[in-house]
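Enquirer: Take the sequence shown: its position 247, counted from the start at 1, is 284 in this note's numbering, and no numbers get skipped.
We put the CB at the ideal spot given by N, CA and C, even for glycine.
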Amino acid sequence: MLWVRIYRQIRPLLRYATAAVCVLAIGVQADAAQIGLINDFSDGVQGWEGSGLVQVANGGPDGEGDGYLRITADGGFGPGGKIAAYNQSSDVRGDLGALDVIAIDVDMFVDPSSQSDLTMRLVLFGPTNTNNRWTSTDAITVPKDGQWHHLSFPVAADAITRAQGAATYEQMISDVVRIMFRHDTGTPSSQGTVVSAIAGIDNVFFVVPDVPPMFDFDGSGALDVGDIDALLLAVRTGSTDAQYDVDADGDVNVADIVALVTTPSGFNTYIGDVNLDGEFNTSDLVQIFQAGQYEDATQDNSTWESGDWDGDGDFGTGDLLLAFQQGGFEQPARASVAGVPEPTSLSLFVLGSLMLIGPRRSCR
């Protein structure tokens, strides 16, 4: 599925960093559950157990070449009578609470030859052993249509029910020893329901909350021009809030604006790139002068997009000096890690020209 392909390529590194901090905080341990994509069944059963399990090389959600785990149940009352698969490997064991896991997702299909649709629940076992069992309060019905469906099972305390044992939710979620997907009709039970069916699962996924980007000052969930404007305001008002100290030097000033705009952890572009397309060029200059705020009489009326680049609230010569001293004019987009470019002769020429013609435009 597309979301899985995207995940494999561009999963934000901050999420893994957050997980690493959590694991370190609880100490080194043999069982350390992972987050993100746990199993894609591209090379075997990958730690999953149960009766009637076999890895199939083709036919997963992505079609040809996408492996999945097939589960077959005969509907009898002995082994192999239920659609159930479990994993108790180190990939899933551990403190899911410390990792901030909020759900466990899986893709699933039910073959049309099956006795009925399947009523699926997640089961979490722990602490210490499998005598304590918690299962999804609300089951998810998967139709026997032969199509892949995406299921998401929340693991919050109000979403799962204790089906066996005396352990508290807090004890269980901090020491999960096994996870299971199981057909279980009616109210949540500790044993599941027999059924004659063929099903498949793929892409087992431990979900954590989206980590907001670093320097998301305006709380929009994205790194955008609003965050630059928030920092400009912080500089102008003399804020001492440490969140705005981008360069971590103990002060909130124009150096933090430069750091936010130019470094890879921020926008990785240039001072003067008002449209944030990765380059500082004539299109940016046209935009700011069309705004008509260069050296105007209105105080504190400028933003990043209308020429305030140094955080004084206005578009003036100081902003142009800052931009051209950075040497980014007509430079190519920055690589992931790059040095600060030296001012070019073109930059100096344009700066001199703008300082001469800018005031004339503002007087029209």
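(1) Helix, strand or coil for A267 per DSSP?
(2) Leaving aside the five residues before and after V82 along the sequence, list all residues of the same chain whose C-beta is less than 7 Å from its C-beta, in chain order.
(3) If we require 4 or more residues per run, which alpha helix (DSSP H) segments fall completely within the stretch 181-265?
(4) Near D282, which residues of its chain fall below 8 Å by C-beta distance, leaving aside the five closest residues on each side in sequence?
(5) Comparing alpha-carbon positions, which option in F146, Q208, V147, H186 lies nearest T165?
(6) Can you find the residues in the same chain that come closer than 8 Å, C-beta to C-beta, to F114, ignoring five residues on each side of it along the sequence?
(7) In or out: S151 buried (at least 16 other Cβ within 10 Å) or exposed?
(8) Rounded to whole angstroms, what is the Cα-Cα separation between G256 and P149?
(9) Comparing C-alpha positions only, which one of Q324, D333, Q228, G344 sits nearest to L269?
(10) Taking a contact to mean a Cβ-Cβ separation below 8 Å, would you say D264 touches D253 in this structure?
(11) First and last residue of the alpha helix (DSSP H) that includes V179?
(12) Helix, strand or coil for F162, going by three-state DSSP, please let me know.
(13) May I ask you to report which of helix, strand or coil DSSP gives Q92?
(14) Less than 8 Å between the C-beta atoms of F361 and Q330, yes or no?
(15) Since S276 is in the alpha helix (DSSP H), which residue starts that stretch and which ends it?
(16) Starting from the C-beta of Q125, find all residues in its chain whose C-beta is less than 7 Å away, skip the five residues before and the five after it, and write them out in chain order.
(17) Any chance the stretch 92-101 sits against the stretch 116-133, with 3 or more Cβ pairs inside 8 Å?
(18) I'd like the list of long-range same chain contacts for I325, defined as Cβ closer than 8 Å, with 5 residues on each side in sequence excluded.
(19) Can you tell me which of the three DSSP states D111 falls into?
(20) With G112 and F78 assumed to form a contact (beta carbons below 8 Å), what rounded beta-carbon distance in angstroms separates them?
(21) Quick check on this structure: which residue in Q368, G84, L297 has the alpha carbon closest to the alpha carbon of R130?
(22) Does G223 pass the burial test, meaning 16 or more other C-beta atoms within 10 Å, or should it be called exposed?
(23) Is there a C-beta anywhere in chain B that falls below 8 Å from the one on Q336?
(24) Using a threshold of 8 Å, state whether the C-beta atoms of L159 and T178 are closer than that.
Expert: Inspection of the coordinates gives the following:
(1) Here residue 267 corresponds to residue number 230 of the sequence shown, with the count starting at 1. Look at A267 here: in three-state DSSP terms it is helix.
(2) For this step, residue 82 is matched to residue 45 along the sequence shown. Cβ neighbours of V82 beyond the five flanking positions: L90, Q92, L106.
(3) DSSP runs (the alpha helix (DSSP H)) wholly in the stretch 181-265: 206-210.
(4) Within the sequence shown, residue 282 is the residue found at index 245, counting from 1. Leaving aside the five residues that flank D282 on each side, the residues in its chain whose CB is nearer than 8 Å to its CB run, in chain order, D288, V289, D293.
(5) Your numbering for residue 165 matches position 128 in the sequence shown. The alpha carbon of T165 has as its nearest neighbour, out of F146, Q208, V147, H186, the alpha carbon of Q208.
(6) Within the sequence shown, residue 114 is the residue found at index 77, counting from 1. Counting only residues of its own chain and dropping the five nearest sequence neighbours on each side, F114 has a CB closer than 8 Å to the CB of V231.
(7) Mapped onto the sequence shown, residue 151 falls at position 114. It counts as buried.
(8) Numbered from 1 along the sequence shown, position 219 holds the residue referred to as residue 256. Numbered from 1 along the sequence shown, position 112 holds the residue referred to as residue 149. Looking at the two C-alpha atoms, the distance is approximately 47 Å.
(9) Counting from 1 along the sequence shown, the entry for residue 269 is found at position 232. Per the Cα distances, G344.
(10) For the purposes of this step, residue 264 is taken as the residue at position 227 of the sequence shown. For the purposes of this step, residue 253 is taken as the residue at position 216 of the sequence shown. Contact flag set, yes.
(11) By one-based count along the sequence shown, residue 179 stands at place 142. Looking at the DSSP string, V179 is not in any alpha helix (DSSP H); the run it does join, the beta strand (DSSP E), is 177-179.
(12) Position 125 of the sequence shown, counted from the start, is the residue given in the question as residue 162. The three-state reading of DSSP puts F162 in strand, counting E and B together.
(13) As a working note, residue 92 is residue 55 in the sequence shown. When DSSP states are grouped into helix, strand and coil, Q92 belongs to the strand group.
(14) Against the sequence shown, residue 361 aligns to sequence position 324. Against the sequence shown, residue 330 aligns to sequence position 293. No. Outside cutoff.
(15) Locating residue 276 in the sequence shown gives position 239, where the first residue counts as 1. Looking at the DSSP string, S276 is not in any alpha helix (DSSP H), and its letter there is neither H nor E.
(16) For this step, residue 125 is matched to residue 88 along the sequence shown. Answer for Q125: V214, R215, listed in chain order.
(17) Contact fails: fewer than three Cβ-Cβ distances are below 8 Å.
(18) The count along the sequence shown starts at 1 and reaches residue 325 at position 288. Excluding residues within five positions, the ones whose Cβ falls inside 8 Å are V311, Y331, E342, S343, G344, F352.
(19) Residue numbering aside, residue 111 sits at position 74 when the sequence shown is read from its first letter. Under the three-state reduction of DSSP output, D111 falls in the strand class.
(20) By 1-based counting over the sequence shown, the position of residue 112 is 75. By 1-based counting over the sequence shown, the position of residue 78 is 41. Not a contact, Cβ separation roughly 24 Å.
(21) Locating residue 130 in the sequence shown gives position 93, counting from the first residue. The shortest Cα separation from R130 among Q368, G84, L297 belongs to G84.
(22) For the purposes of this step, residue 223 is identified with residue 186 of the sequence shown, where counting begins at 1. By the Cβ-count criterion, G223 is exposed, with fewer than 16 other Cβ atoms from all chains shown falling within 10 Å of its own Cβ.
(23) Absent from the structure is chain B; it holds one protein chain and no more.
(24) Within the sequence shown, numbered from 1, the residue matching residue 159 stands at position 122. Within the sequence shown, numbered from 1, the residue matching residue 178 stands at position 141. No. Outside cutoff.
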